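K.L.:
What follows is a structure written as structure tokens; I'll ask about it next.
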Amino acid sequence: MKSWWQVCLAWLGVESNTTSHHEKWISALGGGLGIAAVYGLSHWALDGVAAGLMVASMGASAVLLFAVPHGTLSQPWPVIGGHLVSGLVGVTCYLWLGNSLLAAGVAVGIAIGAMAYLRCIHPPGGATALAAVIGGPALHDLGYGYLLTPVALNLIAIVTVALMFNNVFHWRRYPVAFMTPRKTEPSRPHLALSHEDFAAAMHSLDTYVDVSSEELAQLFDRAWEHARAAEQQPLTLTRGHYYSNGEVGERWCVRQVFDLAPEDTGNPRARLIYRAVAGAREEQTGMCRVDEFCRWARFRVVKQGERWVKASG
């Protein structure tokens, strides 16, 4: 049952959220402030259904700007360019094809392609293109003025709030270019990975990754520093504790020392019984010598929620 549930979560793409409750509430507050500014401008410029459609489009942008301010889809050019380009495409499709099923599909499809080529992919832009087609007379009468009022005005409002709000908190920086590199660079392995290496790896995937190569490089530095600190701590085996082999992908495994006498902890030739609790060969048990297990294990781990993390101390 446990394995079946884990497979379902993996297929659904459910990931462990590493953000704290404090960060979640900050995101919610920022999104509320941003959309309040957008709502006010929309109802000042438009009435009824037209204003509601515009707020819905910007509401999706608020999620990105305040919940994932460091994401590539949340940066100023994707936000501004994505909405304006999509709005331009939507208005043009309506003028040529009218309010029809064909116009709606063509508008969203061309908007996606245009955003991809102009490097301003912003998912809520699709709603902006669609609103220009199906928004009704209030939006249709605006013509290309739709790009100025309410799209451009709302963009000014929400991006301004994002700039002011996110930068109040030292761990948040918007845009992500405001993030300053760490002053102390951790020691790296002989084969160091650079910004160019991450950029090349992302290019080889040939799919859109919502993280910048600069942010990946910073994550690698922090991960390497964390790994070095863990390696400096001697590994001692204790009955009931969990240990990881530090591998990735299908080779990763967490094992629990199931049976080991306290007096045999320092005896490399003593036998112990272990049980795999996560990763490769989950739920299987085995027996090996203490020194063999120590060669396999890299560090001790504990479970926090649904994630296995390195144990401290």
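Residue numbers (our numbering): -16 to 296.
Glycine is no exception: its CB is placed at the ideal position from the N, C-alpha and C atoms.
Since we're looking at a predicted model, the values are computed, not measured.
(1) Please go through the segment 105 to 134 and give each complete alpha helix (DSSP H) segment of 4 or more residues, from N-terminal end onward.
(2) Over the uninterrupted alpha helix (DSSP H) stretch that includes G92, give me the two end residues.
(3) For chain B, check one thing: does any of its Cβ atoms lie closer than 7 Å to the Cβ of S295?
(4) S295 by DSSP, collapsed to three states: which one?
(5) So, with DSSP's three-state summary, where would you put C103?
(6) Could you tell me if P172 is buried or exposed, where buried requires 16 or more neighbouring beta carbons within 10 angstroms of its beta carbon?
(7) Could you tell me which of L243, Y127, E246 sits nearest to H76, measuring between CA atoms?
(8) Would you call the segment 24 to 39 and the segment 78 to 97 in contact, with 3 or more CB pairs under 8 Å?
(9) Just to confirm, is the Cβ distance from L48 to S57 under 7 Å?
(10) Does the pairing of the segment 96 to 114 with the segment 63 to 71 give three or more beta-carbon distances under 8 Å?
(11) What's the gap between the Cα of G15 and the Cα of L113?
(12) Any idea if P245 is buried or exposed, counting beta-carbon neighbours within 10 angstroms, 16 or more meaning buried?
(13) By the DSSP assignment, the beta strand (DSSP E) with R283 in it spans what residues?
(14) Less than 7 Å separating the beta-carbons of Y225 and V159?
(15) Does DSSP put Q239 in a helix, in a strand, or in coil?
(16) Would you give the residue range spanned by the beta strand (DSSP E) that A28 belongs to?
(17) Buried or exposed for P251, please, with buried defined as at least 16 other CB atoms from any protein chain shown within 10 angstroms of its CB.
(18) Of the residues A259, G249, D247, E230, which one's Cα is nearest the Cα of Q239?
(19) In its own chain, which residues sit with a C-beta less than 6 Å from the C-beta of W(-12), not counting the 5 before and 5 after it?
(20) Given a cut-off of 7 Å, decide if L255 and V237 are closer than it, judged by their beta-carbon atoms.
(21) Quick one: measure Cβ to Cβ for W60 and C103, integer angstroms, because I've assumed they're closer than 8 Å.
(22) Take V74 as the anchor and find which of A90, S83, I63, L85 has the nearest alpha-carbon.
(23) Label H53 either buried or exposed according to how many other C-beta atoms from any shown protein chain fall within 10 Å of its C-beta, with 16 as the threshold for buried.
(24) Among D204, R234, G232, T248, which residue has its Cα nearest to the Cα of G223?
(25) What does DSSP give as the partner residue(s) for R254 in the beta ladder?
(26) How is P172 classed by DSSP in three states: helix, strand or coil?
(27) CA-CA distance, V134 and G13?
(28) Could you tell me the distance, in whole angstroms, from the CA atom of R137 to the CA atom of I18?
(29) If you reduce the DSSP assignment to three classes, tell me which class W60 lands in.
(30) Kindly indicate which three-state DSSP category Y226 falls into: helix, strand or coil?
(31) Whole angstroms is fine: what's the gap from Q267's alpha carbon to R234's?
(32) Going by Cα to Cα distance, which pick from E275, R155, R281 is closest to T2?
(33) Using the rule of at least 16 other Cβ atoms within 10 Å of the residue's Cβ for burial, across every protein chain shown, is F161 buried or exposed?
P.N.:
Short version:
(1) 108 to 117, 120 to 123, all fully within the segment 105 to 134.
(2) Annotation: the continuous alpha helix (DSSP H) that includes G92 extends over 84 to 100.
(3) Although the question refers to chain B, the structure presented lacks it and comprises just one protein chain.
(4) Correct three-state label for S295: coil.
(5) Coil at C103, not helix or strand.
(6) Only weak support exists for where P172 lies, its pLDDT of 49 falling under 50; the value from the coordinates is given anyway. The residue is exposed, with fewer than 16 neighbouring Cβ atoms inside 10 Å.
(7) Here residue 76 turns out to be Cys, not His, going by the sequence shown. Of L243, Y127, E246, the smallest CA-CA separation from C76 is found for Y127.
(8) No, the segment 24 to 39 is not in contact with the segment 78 to 97.
(9) In this structure, S57 lies closer than 7 Å to L48 by Cβ.
(10) At 8 Å Cβ cutoff, the stretches touch.
(11) Near 24 Å, if we compare the C-alpha coordinates of L113 and G15.
(12) By the neighbour-count rule (16 or more Cβ atoms within 10 Å), P245 is not buried but exposed.
(13) Where R283 is concerned, the enclosing beta strand (DSSP E) stretches over 282 to 287.
(14) For Y225 and V159, no; Cβs fall outside 7 Å.
(15) Under the three-state reduction of DSSP output, Q239 falls in the strand class.
(16) It is not in any beta strand (DSSP E) - A28 instead sits in the alpha helix (DSSP H) that spans 4 to 28.
(17) Exposed.
(18) Considering only alpha carbons, the answer is A259.
(19) Around W(-12): no qualifying Cβ.
(20) Contact: no.
(21) That belief holds up - the Cβ atoms of W60 and C103 are roughly 5 Å apart, short of 8 Å.
(22) Nearest C-alpha to V74: A90.
(23) Under a 10 Å Cβ-count criterion, H53 is classified as buried, with 16 or more other Cβ atoms of the shown protein chains found around its own Cβ.
(24) It is T248.
(25) Per DSSP, R272.
(26) For P172, the pLDDT reaches just 49, beneath the cut-off of 50, and the residue's location in the model is therefore unreliable, although a value from the coordinates is still provided. In the structure shown, P172 sits in coil (DSSP, three-state: anything other than H, G, I, E or B).
(27) Taking the straight line joining both Cα atoms gives about 20 Å.
(28) The displayed chain sequence assigns Asn, not Arg, to residue 137. Rounded to the nearest angstrom, the two C-alpha atoms are 9 Å apart.
(29) In the three-state reduction of the DSSP assignment, W60 falls in the helix class, which pools H, G and I.
(30) Strand.
(31) In a straight line, the C-alpha of Q267 is about 15 Å away from that of R234.
(32) Per the C-alpha coordinates, the member of E275, R155, R281 positioned closest to T2 is R155.
(33) So F161 ends up on the exposed side.
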